[in-house]
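Everything below concerns the one structure shown next.
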Amino acid sequence: MAYKDVYEAWKADPEGFWMEAAQAIDWIEPPSKALFDENAPIYEWFADAKVNTCWNAVDRHVEAGRGPQYAIIYDSPITGRTHKITYSELRNRVATLAGALRAKGVEKGDRVIIYMPMVPEALEAMLACARLGAIHSVVFGGFASNELAVRIDDAKPKAILAASCGIEPGRIVHYKPLLDEAIEMAEHKPEFCVILQREQEVAKLVEGRDYGWHSFQYGATPAECVPVEGNHPSYILYTSGTTGQPKGVIRQTAGQLVALNWTMKNIYNVDPGDVFWAASDVGWVVGHSYICYGPLIHGNTTIVFEGKPVGTPDAGTFWRVISEHKVKSFFTAPTAFRAIKREDPKGEFVRKYDLSCLKALFLAGERADPDTITWAQEQLGVPVVDHWWQTETGWAIAANPLGIEELPTKLGSPSVPMPGYDVRILDEGGHELPAGQLGAIAIKLPLPPGTLPSLWNAEERYRKSYLEHFPGYYETGDAGYKDEDGYLYIMARTDDVINVAGHRLSTGAMEEVLASHPDVAECAVIGVSDDLKGQLPVGFLCLNAGTNRPAEEIVAEVVKLVREKIGPVAAFKQAVVVDRLPKTRSGKILRGTMVKIADGQDFKMPATIDDPAILDEIREALKSLGYPKS
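All residue numbers for the sequence shown refer to this note's numbering, where the first residue is 5 and numbers rise by one.
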């Protein structure tokens with residue numbers, strides 16, 4: 005079947021479509037139906053089934069004879085270690101950890117916070133919770149104490165599983181002091197903590213509360229898989245909220261199993277036994293869906309990578325991992341590729357490795373500019389798929405479904421909506437806009453399985469944040485348009501659509517033009533307040549390594565380019581060259597924070613910022629342009 009046939013089959017019979025997809029899952033009690041809509045607009049999928057995630061991700065593969073297959077390959081260029089774990093070993097390790105947690109009173113429905121670096125034990129902790137029906141909440145390792153404390157108070161965990169430290173290029177990140185401080189700050193206190201002591205730093209344990217990872221498990225009776233209801237929360241993942249209070253996105257067990265399993269073949273085009281690599285972190289949704297759960301549910305080998313795209317040791321580290329471990333399908337953020345392209349614009353490192361095993365590259369997390377996609381296509385010679393999704397959805401809203409049909413690539417577009425997603429472009433009044441017109445991207449309810457049914461202990465906030473603005477729709481918070489072929493274009497967050505003298509303009513379209521300049525490695529455009537025109541665009545440019553020309557020349561050229569490609573209506577006249585852009589650890593550029601600096605407003609330091617010192621550089625760059633005005 006072609007993509008159009010599959011999409012139409014879903015549209016014609018969503019119930020039948022998802023019940024058929026559900027047959028690939030091992031149920032203890034199968035669902036009586038797919039969609040439960042009695043509490044609309046709060047929807048649930050496969051709610052009356054009984055099932056266990058860990059069984060589906062680990063045990064069933066051992067039972068089916070896949071025990072000797074590698075489940076996890078840990079590759080850490082930072083420590084120089086590689087370690088491979090088979091499905092049989094993974095089952096034993098997870099069952100023992102789950103048994104030790106159960107012996108300390110962790111049961112179905114209890115919350116457990118996981119605060120760890122990219123090591124196999126992080127996945128084992130997630131799976132051990134799933135085995136018991138405990139609800140995990142992974143907090144990015146090294147997160148600031150106050151942010152961790154807020155999450156402890158919201159989730160109220162019975163236990164916290166953490167590591168003594170994380171390792172970054174050139175520095176050790178001390179997790180344990182951050183954890184101790186967070187517990188001190190939090191009103192809710194966990195009953196106990198389990199600490200993975202890493203050889204790079206052995207942490208001081210608090211007597212009576214803290215246990216060493218290995219001694220904690222010693223002699224524990226392995227736990228069996230506990231059946232849970234289909235609508236039982238699998239995890240809570242906190243995403244930053246506009247109010248400063250993080251939003252706890254819930255993922256329900258059965259919907260996640262069905263949806264992620266469906267995507268592994270239909271979107272990523274891997275078969276059980278193939279090696280799949282998502283170069284992300286378990287602190288992000290990509291790490292949940294495509295480092296831990298998706299690949300393991302589907303019987304793939306997943307890679308846990310502790311390193312960076314450049315500097316561990318060089319811009320060839322991704323190609324080494326792909327070549328060495330025979331990666332078939334690779335998923336990373338556009339920002340990683342921009343970093344590699346900046347260090348190695350001619351792709352000299354690419355040619356040092358045999359990449360014949362690689363069949364596709366997937367990009368997500370930040371808009372993939374056409375220039376980066378073109379570079380990747382030229383260097384790798386495989387389909388490069390920009391696909392679009394959110395923490396809230398848990399899997400792709402729009403993609404090029406390589407396992408169904410490889411559709412023509414359109415630069416700047418994440419291709420087409422996936423089955424389950426009825427995507428519409430709406431104006432402020434909620435009316436659908438014609439092809440080519442920029443508007444708010446919304447998804448007609450119900451959302452498909454595997455997406456958020458609500459927020460943790462905050463249903464009212466869920467309704468207000470996502471459902472109120474456009475009744476009957478989920479509001480994505482992104483702006484964009486569809487073309488006449490139904491391809492979607494994500495141009496900006498709705499906050500990043502700027503109003504210049506009454507014209508609604510996309511900062512993403514301007515960034516696309518800036519990125520096409522041969523000397524520009526990476527860029528961002530923000531709208532700053534202007535008394536006359538409402539807002540004016542300002543560009544920030546990071547240049548390719550080895551660029552040896554005056555910044556003023558390059559700025560003059562990009563201003564001219566925007567005028568030529570978008571027109572004088574953009575009023576794009578100001579740009580500045582900077583060394584780097586402020587980003588979250590997952591690679592999203594913090595445009596909103598940059599706007600506040602430019603407008604002289606107070607702002608809260610973003611919890612997910614990679615390096616707060618960059619904001620001082622941005623402040624200086626804006627000062628050189630005369631911002632803030634007052």
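Ideal Cβ placement from N, Cα and C applies to all residues, glycine included.
Exercise. Just checking my contact of W399 with S293 at CB under 8 Å: how many whole Å lie between their CB atoms?
Worked result: 6 Å
Problem set entry | Separation of I401 from V41, as counted between CA atoms | The sequence given here has Asp at residue 41, not Val. When rounded, the distance between both Cα atoms is 21 Å.
Exercise. How would you call L629, buried or exposed, if buried means at least 16 neighbouring beta carbons within 10 angstroms?
Worked result: exposed
Exercise. Hey, is the region 49-61 in contact with the region 221-238, meaning 3+ C-beta pairs nearer than 8 Å?
Worked result: yes
Exercise. Do you know offhand how far E33's Cα is from P452's?
Worked result: 21 Å
Problem set entry | R355 versus T336, T86, A380, L367, residue with shortest Cα-Cα distance | A380
Exercise. Is there a Cβ from chain B that is less than 8 Å from the Cβ of N265?
Worked result: No chain B appears in the structure shown, which is made up of a single protein chain.
Exercise. M120 by DSSP, collapsed to three states: which one?
Worked result: coil
For this session: For Y2, count neighbouring C-beta atoms within 10 Å of its own C-beta (all shown protein chains included) and say buried if the count is 16 or more, exposed if not.
Result: Look at the range of the chain in this structure, 5 to 634, and you will see that residue 2 is not part of it.
Exercise. Does the distance from the CB of D157 to the CB of H192 come in under 8 Å?
Worked result: yes
For this session: Classify V427 as buried or exposed, calling it buried when 16 or more other Cβ atoms lie within 10 Å of its own Cβ.
Result: buried
Exercise. Cα separation between G146 and Q260?
Worked result: 27 Å
Exercise. The alpha helix (DSSP H) spanning K557 covers which residue range?
Worked result: According to the sequence displayed, residue 557 carries Glu and not Lys. E557 -> alpha helix (DSSP H) spans 555-569.
Problem set entry | Among R135, V262, G137, nearest to I29 - alpha-carbon criterion | V262
Exercise. Is there contact here, the region 438-448 with the region 475-493, by at least three beta-carbon pairs under 8 Å?
Worked result: yes
Problem set entry | Helix, strand or coil at H87 [DSSP, three-state] | strand
Problem set entry | Stretch-stretch touch, CB-based, cutoff 8 Å, three pairs: the region 93-105 with the region 128-141 | yes
Problem set entry | Cut-off 6 Å between Cβ atoms - residues of its own chain near Q578, not counting five sequence neighbours on either side | V542, L629
For this session: Could you check the C-alpha separation between N461 and N150 for me, to the nearest Å?
Result: 20 Å
For this session: May I ask you to report which of helix, strand or coil DSSP gives R497?
Result: strand
Problem set entry | The beta strand (DSSP E) enclosing I199, as first and last residue numbers | 196-200
Problem set entry | Where Q605 sits in the DSSP three-state scheme | coil
Problem set entry | Cβ shell of P121 (< 6 Å), same chain only, five flanking positions each side left out | G145, A167, G170
For this session: Just the C-alpha distance for V10 and P423, rounded to the nearest angstrom, thanks.
Result: 7 Å
Exercise. Of all the options K592, V573, E12, which has the alpha carbon lying nearest to the alpha carbon of A505?
Worked result: V573
For this session: Quick one: residues in its chain with C-beta nearer than 7 Å to the C-beta of R324, no 5 flanking neighbours on either side, listed in chain order?
Result: Y357
Exercise. Is the beta carbon of A126 less than 8 Å from the beta carbon of V286?
Worked result: yes
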